[in-house]
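S.K.: Quick one: structure below, then a few questions.
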Amino acid sequence: GQQVMQIPQYQHVQEGEDFTTYCNSSTTLSNIQWYKQRPGGHPVFLIQLVKSGEVKKQKRLTFQFGEAKKNSSLHITATQTTDVGTYFCAGPQAGNNRKLIWGLGTSLAVNP
Amino acid sequence: NAGVTQTPKFQVLKTGQSMTLQCAQDMNHEYMSWYRQDPGMGLRLIHYSVGAGITDQGEVPNGYNVSRSTTEDFPLRLLSAAPSQTSVYFCASTRGQYGYTFGSGTRLTVV
Chain Y
182 GQQVMQIPQY
192 QHVQEGEDFT
202 TYCNSSTTLS
212 NIQWYKQRPG
222 GHPVFLIQLV
232 KSGEVKKQKR
242 LTFQFGEAKK
252 NSSLHITATQ
262 TTDVGTYFCA
272 GPQAGNNRKL
282 IWGLGTSLAV
292 NP
Chain B
830 NAGVTQTPKF
840 QVLKTGQSMT
850 LQCAQDMNHE
860 YMSWYRQDPG
870 MGLRLIHYSV
880 GAGITDQGEV
890 PNGYNVSRST
900 TEDFPLRLLS
910 AAPSQTSVYF
920 CASTRGQYGY
930 TFGSGTRLTV
940 V
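Here's what the structure looks like:
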């Protein structure tokens with residue numbers, strides 16, 4: 182079946198270092214969404230990418246959607262302790278865009 | 830504008846008991862979903878709805894029922910609780926092709 186894979190599963194960084202998480206889909210996606218979940222919290226929508234090769238920035242966060250619309254990345258520049266959490270990507274199931282296929286997430290820990 | 834409201838926040842059930850997890854949104858979103866989140870399993874879709882009166886199954890629907898009588902409310906019913914249903918449950922809603930707004934979750938323990 183359709184799958185979305187994220188790597189790495191865990192990442193520990195020193196505050197100020199950069200961080201990147203990658204999302205790879207087994208099928209072409211119409212769009213990809215990114216969410217952040219703080220420990221003990223709920224997922225919070227960050228952004229949606231729709232176009233092939235699209236790049237969007239939110240302050241220190243840079244999101245990219247691959248040319249083939251099968252992969253995506255989230256890059257955080259100069260991490261801060263407020264970046265701690267799990268980052269999920271999700272894409273619509275082929276043929277039913279109301280069902281999202283979720284990656285298992287990348288958990289980010291930041292040492293101050 | 831409260832967003833997505835879930836109640837209760839915590840619940841302990843005995844095996845075999847039934848209960849309803851409440852979810853309400855005040856954003857006039859037509860799409861609503863229920864997920865469960867377990868360690869190492871990510872978010873798994875239980876049931877979803879594309880509008881009042883319309884519901885469908887997700888990937889893990891067994892043991893759960895839903896109904897959508899109004900746009901605002903989307904309750905999740907556990908018919909006969911089992912320890913395997915111990916999890917964190919999230920309700921989420923959206924409109925059109927936008928990202929989902931999640932509730933704060935219900936942490937359920939079945940003993």
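In the order they appear, the protein sequences are chains Y and B. Using the working numbering, the first residue of the first sequence is number 182, and each one after it goes up by one. Using the working numbering, the first residue of the second sequence is number 830, and each one after it goes up by one. In this text, a Cβ means the ideal position worked out from N, Cα and C, and glycines have one as well.
1. Cα-Cα, which of B:Phe-931, B:Gly-871, B:Thr-923 and B:Tyr-877 is closest to Leu-285 of chain Y?
2. Is the Cβ-Cβ distance between Asn-205 of chain Y and Asn-252 of chain Y less than 9 Å?
3. Closer than 8 Å by beta-carbon distance: list the chain B residues that pair up with Gln-183 of chain Y, in chain order.
4. From the DSSP output, read off the bridge partner residues of Pro-273 of chain Y.
5. Using a Cβ distance threshold of 8 Å, determine whether the segment 890-907 of chain B contacts the segment 254-268 of chain Y, with at least three qualifying pairs required.
6. Taking all protein chains shown into account, decide if Arg-924 of chain B is buried (16 or more other Cβ within 10 angstroms of its Cβ) or exposed.
7. Any idea what DSSP makes of Ser-211 of chain Y, helix, strand or coil?
8. What are the partner residues of Asp-885 of chain B, as DSSP defines its beta bridges?
9. Are the segment 905-922 of chain B and the segment 189-199 of chain Y touching by the rule of at least three beta carbon pairs closer than 8 Å?
10. In its own chain, which residues sit with a C-beta less than 8 Å from the C-beta of Lys-843 of chain B, not counting the 5 before and 5 after it?
11. At least one CB of chain Y closer than 9 Å to the CB of Ser-913 of chain B: is that the case?
M.R.: In brief:
1. Your numbering for residue 285 of chain Y matches position 104 in the first sequence. Minimum Cα distance to Leu-285 of chain Y is reached at B:Gly-871.
2. Your numbering for residue 205 of chain Y matches position 24 in the first sequence. Your numbering for residue 252 of chain Y matches position 71 in the first sequence. Asn-205 of chain Y is a Cβ neighbour of Asn-252 of chain Y, given a cutoff of 9 Å.
3. Looking up residue 183 of chain Y in the first sequence gives position 2. Neighbours of Gln-183 of chain Y on chain B: none; closest Cβ ~11 Å, over 8 Å.
4. Residue numbering aside, residue 273 of chain Y sits at position 92 when the first sequence is read from its first letter. Answer by DSSP bridge pairing, in chain order: Y:Leu-281.
5. no
6. To locate residue 924 of chain B, count along the second sequence from 1; it is residue 95. Classification of Arg-924 of chain B: exposed, given that the 10 Å Cβ count is below 16.
7. Within the first sequence, numbered from 1, the residue matching residue 211 of chain Y stands at position 30. When DSSP states are grouped into helix, strand and coil, Ser-211 of chain Y belongs to the coil group.
8. To locate residue 885 of chain B, count along the second sequence from 1; it is residue 56. Answer by DSSP bridge pairing, in chain order: B:Tyr-877.
9. no
10. The sequence position of residue 843 of chain B within the second sequence is 14, counting from 1. Only residues of its own chain outside the window of five on either side were considered, and among them Ala-910, Val-939 and Val-940 have a CB closer than 8 Å to the CB of Lys-843 of chain B, listed in chain order.
11. Taking the first residue of the second sequence as position 1, residue 913 of chain B is located at position 84. Not one chain Y Cβ lies under 9 Å of Ser-913 of chain B.
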